[in-house]
Amino acid sequence: MATPARTSKAAIPQLSWDKVQPAPVVLVSGTETVLADRAVRLLRDILRAEDPSLEVSDLDAGQYVPGMLLTVASPSLFAEPRLIRVDAVEKSTDAFLEEALAYLASPADDTYLVLRHGGGVRGKKLLDAVRSGAGGGIEIVCAELKRDSDKSEFVAAEFSAARRRVSAGAIRALVSAFSDDLAELAAACQQLLADAEDEITEDEVSPR
């Protein structure tokens, strides 16, 4: 995928969605929901492959009440690794921002905190703290894909993730047909993966 634009203040790695890797804190930023969803799912799959007992919890920062983060981050009886996915950080309650900032000072062991921020100024202090290195995190930048070359790389990554071959002509045809909506482009890729048995060619994309 295209290398994301780096934020001048960031002191942590900034990676594209398909390069996500485990870290105590993973900031998933940007407006492109399709890429953000892919990144979070890929991280979950990586962690679950390492330990099938992975415990997954979901929080909504916009509906957060005090104490929730500490509750889900507390060690369980059997000490399973934990993945905590926090959505809508751009709509955070004051309680979440306060407790998340405190959490960065001492992240829980064997715990991976994913912060999904879709844009805007709300939560900027938290984002700045993560980007400064607090909590030992990384940032996955999920900006809108505007160039056809970036969309072509996205299509290639979709088929590569499924370990399927796709021709250059098929990629061009897909990007041309669904250039205005990344969600539709992603859906078309998944449909082709389900329908075609061998290499995906331009004929499968635009059957005669």
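Here the sequence shown stands for residues 62 to 269, numbered as in my numbering. Cβ coordinates follow ideal geometry from the N, Cα and C atoms, glycine included.
Leaving aside the five residues before and after residue i along the sequence, list all residues of the same chain whose C-beta is less than 6 Å from its C-beta, in chain order.
i	result
SER114	GLU141
ARG269	Residue placement at ARG269 cannot be trusted, given a pLDDT of 45 that sits under 50; what the coordinates show is reported in the next sentence. Within the same chain, ARG269 has no close Cβ partners at all.
GLU160	LEU130
GLU260	ARG226
ALA195	LEU165
ALA149	ASP121, ALA122 and GLY123
ALA66	Note that ALA66 scores 46 on pLDDT, short of 50, meaning its location in the model is unreliable; the coordinates nonetheless yield the value given after this. Answer for ALA66: no residue qualifies.
Excluding sequence positions up to five away, which residues of its chain have a Cβ less than 7 Å from the Cβ of residue i?
i	result
ARG105	VAL117 and LEU144
ALA257	GLU265
Tell me, to the nearest whole angstrom, how far the beta carbon of residue i is from that of residue j; I am working on the premise that it is less than 8 Å.
i	j	result
THR94	ALA204	Incorrect: roughly 12 Å between the Cβ atoms, too far for contact.
LEU165	VAL86	7 Å
ALA134	ALA84	ALA134 to ALA84, Cβ: 15 Å. No contact.
LEU206	LEU243	6 Å
ASP119	ARG146	5 Å
VAL236	SER213	5 Å
Starting from residue i, follow the alpha helix (DSSP H) in both directions and report where the run begins and ends.
i	result
VAL147	Not the alpha helix (DSSP H): VAL147 falls in the beta strand (DSSP E), residues 143–148.
SER90	Segment 86–90 is the beta strand (DSSP E) holding SER90; no alpha helix (DSSP H) there.
LYS169	Going by the sequence as given, residue 169 is Ala instead of Lys. Unbroken run through ALA169: none, as it is neither H nor E.
VAL95	94–111
LYS207	Element bounds for LYS207: n/a, residue is neither H nor E.
LYS185	185–192
ALA42	Because the chain here runs from 62 to 269, residue 42 falls outside it and cannot be looked at.
LEU131	129–134
Please list, in chain order, all residues of the same chain as residue i whose beta carbon is under 8 Å from its beta carbon, the five residues on each side excluded.
i	result
GLY180	SER90, GLY91, THR92 and GLU151
PRO127	ALA156 and GLU160
Between which two residues does the beta strand (DSSP E) carrying residue i extend?
i	result
SER118	116–121
Taking all protein chains shown into account, do 16 or more other C-beta atoms lie within 10 angstroms of the C-beta of residue i, making it buried, or fewer, making it exposed?
i	result
THR172	buried
ARG102	exposed
GLY184	buried
ARG99	buried
GLY198	buried
VAL272	Absent from the structure is residue 272, since the part of the chain shown begins at 62 and ends at 269.
GLU219	buried
Return the bridge partner residues of residue i from the DSSP annotation.
i	result
LEU76	ILE201
LEU174	VAL86 and ILE145
VAL227	ILE261
If you measure from the CB of residue i, is any heavy atom of the ligand GTP nearer than 7 Å?
i	result
ILE73	Annotation note on the ligand GTP: not contained in the displayed structure, which lists no ligands.
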